[in-house]
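Residues 1411 to 2076 in the numbering used here are what the sequence shown spells out, letter by letter.
Data first, discussion second: the structure below is written as structure tokens.
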Amino acid sequence: MVKHSGSAPESLYPGGSQAAADAAGSAAIPSASAATGRVELYTQRTMVNWLSPLQLPFTAMRVAVAMAIGAFADQRMVQAALTTLNPNPPLPVPADEHGGVWVDYLADTGDGWDSTYSMALCVSHAVTLREQGVTLPRAKVLLLGGDQVYPTPAHEGYRTRFVDPFRAAFPAPVEVVRPVYSDQTIKLPPDAPWMVATPGNHDWYDGLRGFARLFCSGKPVGGWETRQRTGYYALQLPGGWWIWGLDLQLESEIDRPQREYFQKLCTALQPGDRVVLCAPEASWIDEMERVRRGERRAMPSLETKTPRFRSLSEIEGMLGDRLALVLAGNSHHYAHYVPRAGTAGPHRITCGGGGAFLHGTHLLPDPPRPIVVGPARQFYELKSAYPEKASARKLRNRAWQLPARNLSFCALVAILYLLFDWIIQSASLVSVPGRDQRSFVDRLAGLEVTFGNIGEVFHQLFRVMAHSPASVVFAAAIVFSCAALSTRDVRRGVRLACVVGALHGLLHLALAVALLWLILRLNFHVFGADNAPPVLLFMVEAMLLGGALGGLLFGVWMVLGNALWRLHPEEVFSSQRIADYKCFLRMRFEGGQLTIYPLKLEKVCRHWKLGEGVKQLAKVNSTWRVRAQPGAAGPRFVPADGQASPPEAVRMIEEKAIVIQRQGAS
């Protein structure tokens, strides 16, 4: 919740789109003579509810369409064709007064306002590490590691979930002129920091159109300047350092123009140059797991590599020992893999804590299997993970609380229970020669709720289903859906996941019948055998019990499936929508040394007030129309009284900073 007014700590950025502003409220647009400043619009979205009955089919449809047509409508080929007229050279990053440059890395952002805005404040401010006695200034370059919007870029997703939080945290300067609006052209100072982005899978769900408009058009995002022209890029830093960003589409491999682009850059590297590689996902984690599962299989590793790791290893093999560090997001946690003592290879860091829900670290390979890059095998060890594995398990175990967190999903489960019971009851009313003509409900109402009668209940159920194709199809759909859900991101084979998932579906069907039996017997004792309870009462009972117990079963099953068979690694955390445990990297490139500060924000701010020089014009639901006065350079929203400022709450993840030398690593 946002409280009104108040003073603000120093920060930077502006507004929204004019079309959305017109819908934000009834406040009249101020005239030039009425006030000065800039009218801005901000929408504070909640985190994506991944189990919402409305969200599930919409996201599934967008993903299916993107996967189906992605290979036939590859935006990368269009961008490559345009570079013949508009070249895509490496972007030289100027050095600061000390001869180096600060670079931030943030991935998997653009979700809920509280988490995304908290992280936007962190990357737009200097942070002070009190325990180390060090102040890290704001970076010149902000690297976005992929998945800048959730769940898809559709329906103004980029504006409300990404642009609004970032431009509110770091506004462009407000000129002392007539009122202007945040969708109009804004001039940035010459020393404005840069924003450079790598597209992730969620950015590709609209064919990369929204990503290209936002990051490849040269328009600013708040106080950040955008300069890249394609989804892939190269930054040339002072001191012989480079940053390369890859665009690997959805599940495809690197395209030919991109491969030729990096091959040309590779030949231009000078002796002693080192490269930091930004990939859309930590495909080496899946490769380590694939090696572990396939160690006893006689299958050439090259043929079984995932397309993304095959593409990543191709670029890595091209660079050889000039590759110093590989960064990736997609997994919403921090994990740092280092080469084992006496072995070669780049540091590999996953840092996807930019604002999306938390992923666990408890399933990370430890110790990991060696991976093959080119002709060499690389041996790694897990040096650090955040949150720690023990903490991740505790957080995972909270998934059983699903009924308290996701009422809409529990309502869906209850409705499915009701539909199944309705189909069974309707089928039992059909007269079948040689069968007891009482309905299924009447037969259940006459059975006492005891363990001895459980067999009879399911005997009656199977008798009805034997003459009801509709009930069989419905039950099969439930079982198939649960089996399909269990096969997502499996770690121990599809067959086991299918069997376990099918058992999950059967338990839901059994619970639906058991609840019907329990409700019927309860009403039998309350209203008597000759008085049927009101239909509305029965539906309320079924919805309440079905939603609570069905949701509880789903949550408990996710926890057990993950703990016993490593299933549901995504759902067991996405269902909780954990906004805390965020992370990002602040890196210093200077001379022959790269110093990496892995930073964490354990708890995001959840209560805000308007910043200094910002006046509320209107508010409708979660959308704010405000006016920023001339000279208002701070964030548009600041932590409410009693709330910690995110930049001040940042701490180190590892005990010491990671230091990589341009010649060798330490």
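Ideal Cβ positions, reconstructed from N, Cα and C, are used throughout, including at glycine.
Quantities reported herein were computed from a predicted structural model and do not represent experimental measurements.
Boundaries of the beta strand (DSSP E) in which Gln-2071 is found, first to last residue: It spans 2068 to 2071 - the beta strand (DSSP E) in which Gln-2071 sits, taken as one unbroken run.
Going by the beta-carbon positions, is the gap between Phe-1994 and Asp-1518 smaller than 8 Å? Taking C-beta atoms as the reference points, Phe-1994 and Asp-1518 fail to come closer than 8 Å.
* Name the two residues that bound the continuous beta strand (DSSP E) containing Lys-2010. => DSSP places Lys-2010 in the uninterrupted beta strand (DSSP E) bounded by 2003 to 2011.
| request: Tell me Ala-2038's beta-bridge partners as DSSP assigns them. | output: DSSP lists Arg-1448 and Val-2024 as partners of Ala-2038.
In this structure, does DSSP put Pro-1749 in helix, strand or coil?
Here Pro-1749 sits in strand by DSSP.
When DSSP labels each residue in this structure, what does Ser-1984 get in the three-state scheme? Three-state DSSP puts Ser-1984 in a helix.
Assuming contact is defined by CB atoms lying nearer than 8 Å, are Ala-1745 and Gln-1986 in contact in what I supplied? For Ala-1745 and Gln-1986, no; Cβs fall outside 8 Å.
| query | From Pro-1561, Ala-1754 and Ala-1958, pick the residue whose C-alpha is nearest to that of Ile-2077; which is it? | reply | The chain is shown only over 1411 to 2076; residue 2077 falls outside these bounds and no answer can be derived.
What are the partner residues of Leu-1955, as DSSP defines its beta bridges?
Paired residues: none, contrary to the question.
Quick one: Cα of Gln-1673 to Cα of Leu-1516, how far? Whole-angstrom Cα-Cα distance: 27 Å.
Practice prompt. State whether the stretch 2019 to 2039 contacts the stretch 1447 to 1466, with contact taken as three or more CB pairs (one from each stretch) at a distance under 8 Å.
Written response: Here the stretch 2019 to 2039 makes contact with the stretch 1447 to 1466; the two share three or more CB pairs at distances below 8 Å.
Quick one: residues in its chain with C-beta nearer than 7 Å to the C-beta of Pro-1777, no 5 flanking neighbours on either side, listed in chain order?
The answer, listed in chain order, is Glu-1791.
Per-residue burial, Phe-1580 [other beta carbons within 10 Å of its own, 16 or more giving buried] = Buried, since its Cβ has 16 or more Cβ neighbours within 10 Å.
Review point. Cβ of Leu-1839 within 8 Å of Cβ of Ser-1849?
Key: For the pair Leu-1839 and Ser-1849, the CB atoms are nearer than the 8 Å cut-off.
Next item on the list: Using the Cα positions of Pro-1561 and Gly-1938, report the straight-line distance between them to the nearest angstrom.
Entry: Just so you know, the alpha carbons of Pro-1561 and Gly-1938 end up roughly 51 Å apart.
Q.
Using a 10 Å radius around the Cβ and a threshold of 16 neighbouring Cβ atoms, would you call Lys-1992 buried or exposed?
A. By the neighbour-count rule (16 or more Cβ atoms within 10 Å), Lys-1992 is buried.
Please report the distance separating the alpha-carbon of Tyr-1796 from that of Gln-1542. Answer to the nearest angstrom: the Cα atoms are 19 Å apart.
Is the distance from the Cβ of Asp-1524 to the Cβ of Ala-2059 below 8 Å?
No.
Between which two residues does the alpha helix (DSSP H) carrying His-1926 extend?
Looking at the sequence itself, residue 1926 is Leu, so the reference to His does not match. First-last of the alpha helix (DSSP H) with Leu-1926: 1904 to 1937.
Worksheet entry | Close beta carbons around Arg-1750, own chain, < 6 Å, minus the five adjacent residues each side | In chain order, Phe-1789 and Glu-1791 place their CB closer than 6 Å to the CB of Arg-1750, counting only its own chain and leaving out the 5 sequence neighbours on each side.
| request: Specify the secondary structure class of Gln-1465 as computed by DSSP and reduced to three states. | output: Looking at Gln-1465 - three-state DSSP - the assignment turns out to be helix.
What do you reckon, are the CB atoms on Pro-2056 and Ala-1578 nearer than 8 Å? The answer is no: Cβ separation not under 8 Å.
Reference Val-1748; option with closest CA among Trp-1694, Ser-1723 and Lys-1799:
Restricting attention to Trp-1694, Ser-1723 and Lys-1799, the CA atom closest to the CA of Val-1748 is found in Trp-1694.
Burial state of Thr-1677, where buried means 16 or more other Cβ atoms lie within 10 Å
Its Cβ having fewer than 16 others within 10 Å, Thr-1677 is exposed.
Worksheet item: According to the Cβ coordinates, are Asp-1683 and Trp-1652 closer than 8 Å?
Response: Yes; because the gap between Cβ atoms is below 8 Å, this pair is in contact.
- As assigned by DSSP and simplified to three states, the class of Gly-1965: For Gly-1965, the three-state secondary structure derived from DSSP is helix.
Have a look at Val-2030, Met-2062, Arg-2072 and Arg-2061 and flag the residue whose alpha-carbon is nearest the alpha-carbon of Tyr-1452. The shortest C-alpha separation from Tyr-1452 is found at Val-2030.
Taking buried to mean at least 16 other C-beta atoms within 10 Å of its own C-beta, is Leu-1946 buried or exposed? Flag for Leu-1946 reads exposed.
**Asked** Going by other Cβ atoms of all chains shown within 10 Å of its Cβ, with 16 needed for buried, is Asn-1816 buried or exposed?
**Response** By the 10 Å Cβ count, Asn-1816 comes out buried.
**Report entry** Boundaries of the beta strand (DSSP E) in which Phe-1999 is found, first to last residue
**Finding:** Run containing Phe-1999: 1992 to 2000, per the beta strand (DSSP E) assignment.
Looking at Phe-1964: is its Cβ nearer than 8 Å to the Cβ of Ala-1885? No; because the gap between Cβ atoms is not below 8 Å, this pair is not in contact.
Is DSSP giving Leu-1828 helix, strand or coil here? The three-state reading of DSSP puts Leu-1828 in helix, counting H, G and I together.
query = Counting Cβ pairs, one atom from each stretch, are 3 or more of them under 8 Å apart for the stretch 1779 to 1789 and the stretch 1946 to 1955?
reply = At 8 Å Cβ cutoff, the stretches do not touch.
If you reduce the DSSP assignment to three classes, tell me which class His-1535 lands in. Here DSSP, grouped into helix, strand and coil, assigns His-1535 to coil.
What does Arg-1548 pair with, by DSSP beta-bridge criteria? DSSP lists no partner for Arg-1548.
Exercise for the section: On a CA-only basis, which of Trp-2018, Asp-1601 and Val-2024 is nearest Gln-2053? Give me that one, please. Expected result: Comparing alpha-carbon positions, the option among Trp-2018, Asp-1601 and Val-2024 lying closest to Gln-2053 turns out to be Trp-2018.
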